[in-house]
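So the sequences go chain by chain: A and B.
Read in numbering that gives the first Met the number 0, the first sequence has 21 at position 22, and its numbers run on one by one without any break.
Read in numbering that gives the first Met the number 0, the second sequence has 62 at position 63, and its numbers run on one by one without any break.
First up is the structure itself, then whatever we jot down about it.
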Amino acid sequence: MSLISTSRVKSPWLIHFDCGSCNGCDIEVLACLTPVYDIERFGIINVGNPKHADILVVTGTVNHRNKKALKNIYDQMPEPKVVVAIGACGTSGGVFREAYNVVGGVDRVIPVDAYVSGCAPKPEAIIDGVVIALGKLAEKGKKVDQGIFERLEKTQSAITAR
Amino acid sequence: MAKTVLPFGPQHPVLPEPLHLTLTIEDEIVKEAIPKLGYVHRGLEKLAEIRDHNQMIYIVERVCGICSCMHALCYCQGIESLMGLEVPSRANYLRTIWAEMHRIHSHLLWLGLFADAFGFESLFMQFWRIRERVMDLQEETAGNRVILSVNQVGGVRRDISAESAQWILDTLKKVEKETLQLKSTILDDYTVKLRTVGKGVLTKEKAYELGAAGPTLRASGIAQDMRQTGYAAYSELDFAPVVETDGDCYARTVVRFNEVFQAIDLVRQAFSKLPEGELAVKPKGLPTGEVISRVEQPRGECLYYIRGAGKKFLERVRIRTPTFANIPPLLDMLPGCDLADVPVLILTIDPCISCTER
C-alpha cells in the first residue's frame with residue numbers, strides 16, 4: 000500500500016493538453032522536459048495517453064469547440080488525478096476573456112487543483128505548480144487507497160459467488 | 000482492401016497543438032486527408048472593437064507565442080504607415096535583431112520537434128539545449144522568455160546596451176558552433192535520410208499554384224522572402240534567401256537548418272551597423288485609411304490588413320498567417336504517403352495552429 004502511494008507521488012506521469020493556447024505556454028511546458036530543466040530526472044514523464052496519466056497540465060483558454068475534448072480527456076484519467084492550469088489564459092481567460100469564442104479559464108469545465116500565473120510562465124514556475132499539485136495528489140491518493148483491500152475482497156467474493 | 004477512416008488528433012503525442020485530420024487510408028496508404036480546424040479559435044480579430052489600437056499590440060502578440068515579436072512588428076508597421084510616422088533608425092535595427100533572435104529560437108525548436116517526430120529523442124534534446132541559450136538572450140534583453148513585448152507604435156520599448164550586445168554576440172558564437180556540431184547528425188544520418196529524402200515532394204509548379212509560403216516554398220526552388228521587401232532594417236543588410244530545389248522533407252529541413260546561420264549572420268550585421276539615436280517617436284493622430292503590412296515569419300509570409308476610420312478603435316484587423324497558406328500544400332503532399340509518415344509530413348510545414356485559427 001505505502002509502496003503505491005509513495006511511487007505515485009515520487010514518479011508522477013503527466014499529460015499535456017493544449018486547449019486554445021498561443022503556444023507560449025506549450026513550449027515552456029516542453030522546455031521543462033529538455034536538458035536545462037530536465038524534470039525527467041525526478042521520474043516525471045510526459046505521456047500521450049490520458050489513461051496512463053496522474054497529472055493533467057492544461058494550457059490556454061477553453062473555447063466552445065475544445066471543451067468537450069478537455070472533458071473527455073479528464074474523464075478518461077484514472078483516480079486519483081489532479082489538474083494544473085498554466086498561464087493567464089488557463090487560469091482566467093487572460094487577454095482573450097472577452098472574445099466571443101472563449102468560455103474562460105479551465106475551471107469552468109473541470110476542477111483545477113493548482114494555478115500557475117504568468118504570460119507565459121517560466122519553466123521554474125510550471126515545475127513549482129506541478130509540485131504543489133503533487134501534494135494534492137498524495138491527499139487524494141489516500142482517499143482512493145482507503146479500504147482498497149476490503150473493496151477488492153468484496154469484488155472477489157462477488158465473482159466467486161457468481 | 001477496404002477503405003478505413005482514421006481520425007488523427009486533436010490530442011496526438013507528436014503534435015504540441017490540436018490539429019484534427021480525417022485520414023482515409025487503404026492498405027496503410029493515405030488516400031485522402033480532410034482537415035478540421037477550430038480547436039484554438041478565440042476570435043481575437045473581433046477584439047479590435049473593444050480594445051483600442053494600442054491595446055491591440057498585446058492581443059496580436061498573443062496570436063502565436065513562437066513568433067510573437069513578428070506579429071507585433073507587422074501590426075506596428077501597419078499602424079505607423081496609417082499615422083505617417085517615421086520610425087527612428089536605431090529602433091528599426093533593434094526590431095530586426097529581436098526578430099532574428101526569434102527566428103533562431105523558432106527554427107531550433109522546429110528542428111528538435113522534427114527529430115522527435117521520427118523518434119530521434121536525443122537529437123530533440125540537443126536542439127532544445129542550444130535553444131535555451133537563445134531564450135536566455137531574449138529574457139535578458141526583453142524581460143520575458145517567450146512574449147517579448149518590445150514593439151510599440153513608433154519604435155521599440157527597450158534598448159540593448161553595448162555590454163549586452165557583446166554578450167549576445169558571444170552567445171550566438173556558441174549557438175553557431177554547437178548547431179554546426181549537429182549538422183552531420185541531422186543532415187548526413189542514414190536513418191534520418193530514410194525518413195525524409197523523397198517524402199512529401201512538392202514540385203515548384205505545385206508550390207506556386209497552391210500558394211505555399213516560407214521555407215516550404217523556398218525548399219521547392221522559389222526564392223521568395225518577404226525580408227527582401229526591405230521592411231525594418233533589412234534593406235540595409237546583406238542577405239539572400241536560402242533556397243533548395245528538391246521540395247521534399249529533407250530539403251525543407253536543410254532550408255530551416257541553414258536559415259539558423261543566416262539569422263545569426265543578420266544579427267551580427269545589424270549589431271555592426273547599429274546607429275545611435277532615439278528609440279521611439281511619439282505617435283500623433285489616429286489611424287485613418289487602410290493598409291496591408293507584410294513580414295517574414297519563421298514559417299513564411301504573414302499579412303495584416305488594417306482599416307481605421309480616424310477613431311481610437313480600428314474598424315477591421317485581418318490576419319493571414321503562413322500556416323494557413325501552407326495547409327493546401329500539405330493536403331497535396333499527404334495522399335499517397337505511408338501512414339507512418341503522416342506526422343513527419345505534417346511537421347515539415349512547421350504548423351502553427353494557434354496562428355492559423357487565431
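The beta carbon of each residue, even a glycine, is placed where N, CA and C say it ideally should be.
Give me the DSSP bridge partner(s) of residue i.
{"i": "A:V83", "result": "A:V56, A:A113"}
{"i": "A:L13", "result": "A:N45, A:I54"}
{"i": "B:F7", "result": "B:L20"}
{"i": "B:E31", "result": "B:T23"}
{"i": "A:N62", "result": "A:V101"}
{"i": "B:G307", "result": "B:G288"}
{"i": "B:V316", "result": "B:I305"}
{"i": "B:D337", "result": "B:I28"}
Please classify residue i: is it buried, with 16 or more other beta-carbons within 10 angstroms of its beta-carbon, or exposed?
{"i": "A:S10", "result": "exposed"}
{"i": "B:A339", "result": "exposed"}
{"i": "B:A32", "result": "buried"}
{"i": "B:L361", "result": "Since the first residue shown for chain B is 0 and the last is 357, residue 361 of chain B is missing from the structure and cannot be characterised."}
{"i": "B:Y230", "result": "buried"}
{"i": "B:D237", "result": "exposed"}
{"i": "B:K281", "result": "exposed"}
{"i": "B:R50", "result": "buried"}
{"i": "B:P17", "result": "buried"}
{"i": "B:Y189", "result": "exposed"}
{"i": "A:P80", "result": "First, the amino acid is wrong: residue 80 of chain A is Lys here, not Pro. Buried, by the Cβ-count rule."}
{"i": "B:P321", "result": "buried"}
{"i": "A:G99", "result": "Strictly speaking, residue 99 of chain A in this sequence is Tyr, with Gly absent from that position. Its Cβ having fewer than 16 others within 10 Å, A:Y99 is exposed."}
{"i": "A:G59", "result": "buried"}
{"i": "B:H106", "result": "buried"}
{"i": "A:P77", "result": "exposed"}
{"i": "A:K121", "result": "buried"}
{"i": "A:H63", "result": "exposed"}
Among the options, which one has its Cα closest to the Cα of residue i?
{"i": "B:A218", "options": "B:G83, B:F117, B:D245", "result": "B:D245"}
{"i": "A:D17", "options": "B:F126, B:D264, B:P9, B:T23", "result": "B:P9"}
{"i": "A:Y73", "options": "A:C118, A:A87, A:P110", "result": "A:P110"}
{"i": "B:E289", "options": "B:E16, B:L112, B:I78, B:S234", "result": "B:I78"}
{"i": "B:L344", "options": "B:I326, B:M225, B:A164", "result": "B:I326"}
{"i": "B:L363", "options": "B:Y249, B:L346, B:P274", "result": "The question about residue 363 of chain B has no answer, for chain B in this structure spans 0 to 357."}
{"i": "B:I348", "options": "B:L112, B:D158, B:K172, B:L186", "result": "B:L112"}
{"i": "B:E295", "options": "B:L333, B:Q223, B:E275, B:K272", "result": "B:Q223"}
{"i": "A:P49", "options": "A:I26, A:Q75, A:T33", "result": "A:Q75"}
{"i": "B:K205", "options": "B:R41, B:D331, B:L168", "result": "B:D331"}
{"i": "B:L46", "options": "B:G335, B:H40, B:L84, B:I58", "result": "B:I58"}
{"i": "A:I126", "options": "A:L32, A:S1, A:S20, A:E152", "result": "A:L32"}
{"i": "B:W97", "options": "B:I56, B:F119, B:A141, B:Y304", "result": "B:A141"}
{"i": "B:I291", "options": "B:G118, B:R306, B:E139", "result": "B:R306"}
{"i": "B:G199", "options": "B:V341, B:V39, B:N53", "result": "B:V341"}
{"i": "A:G103", "options": "A:R7, A:N71, A:K66, A:E152", "result": "A:K66"}
{"i": "B:W166", "options": "B:S148, B:K203, B:E314, B:L136", "result": "B:L136"}
{"i": "B:V254", "options": "B:L216, B:T287, B:I263, B:R226", "result": "B:L216"}
{"i": "B:S148", "options": "B:T178, B:L72, B:H104", "result": "B:L72"}
{"i": "B:K30", "options": "B:V4, B:R156, B:H52, B:H19", "result": "B:V4"}
{"i": "B:G309", "options": "B:T23, B:G284, B:F117", "result": "B:G284"}
{"i": "B:G220", "options": "B:T228, B:V39, B:A211", "result": "B:A211"}
{"i": "A:S4", "options": "A:E138, A:T159, A:R150", "result": "A:E138"}
Give every residue of the same chain whose Cβ lies closer than 8 Å to the Cβ of residue i, excluding the five residues on either side of it in the sequence, and list them in chain order.
{"i": "A:V46", "result": "W12, L13, I14, A52"}
{"i": "B:N257", "result": "V241"}
{"i": "B:L108", "result": "I65, F126, W127, R130"}
{"i": "A:L69", "result": "F16, C18, V57, V61, V105, V108, I109"}
{"i": "B:V62", "result": "L43, H70, I318, T320, S353, C354, R357"}
{"i": "B:K182", "result": "F256"}
{"i": "B:S88", "result": "A232, P274, G276"}
Just to confirm, does residue i get its C-beta within under 7 Å of one of the non-hydrogen atoms of the ligand ATP?
{"i": "B:N91", "result": "The ligand ATP is not part of the structure shown, which contains no ligands of any sort."}
Looking only at its own chain, which residues have a Cβ that is under 7 Å from the Cβ of residue i, when we skip the five neighbours before and after it?
{"i": "B:G37", "result": "E356"}
{"i": "B:T184", "result": "L122"}
{"i": "B:R132", "result": "T170, K173, V174"}
{"i": "A:Q155", "result": "none"}
{"i": "B:V196", "result": "D247, Y249"}
{"i": "B:E27", "result": "D337, L338"}
Could you pull out every residue in the same chain whose Cβ sits closer than 6 Å to the Cβ of residue i, ignoring the five residues on either side in sequence?
{"i": "B:S67", "result": "E60, I146"}
{"i": "A:G23", "result": "A119"}
{"i": "A:D25", "result": "D17, T58"}
{"i": "A:A84", "result": "V57, T90, V105, V111, Y114"}
For residue i, which residues in chain C fall below 7 Å Cβ to Cβ?
{"i": "B:S353", "result": "Absent from the structure: chain C. Protein chains present are A and B."}
Inset, instruction - Counting only runs of 3+ residues fully inside the segment 180 to 217 of chain B, write out the beta strand (DSSP E) ranges in chain order. - result: Those beta strand (DSSP E) runs which fall completely within the segment 180 to 217 of chain B and span 3+ residues do not exist here.
Legend entry - Ranges of the alpha helix (DSSP H) found wholly within the segment 223 to 304 of chain B, counting only runs of at least 4: If we require 4 residues or more, the alpha helix (DSSP H) runs fully inside the segment 223 to 304 of chain B come out as 248 to 272.
Legend entry - Continuous alpha helix (DSSP H) assignments of at least 4 residues falling wholly in the segment 93 to 154 of chain B: List check, alpha helix (DSSP H) in window: 120 to 141.
Legend entry - Inside the segment 56 to 82 of chain B only - alpha helix (DSSP H) runs reaching at least 4 residues: If we require 4 residues or more, the alpha helix (DSSP H) runs fully inside the segment 56 to 82 of chain B come out as 67 to 82.
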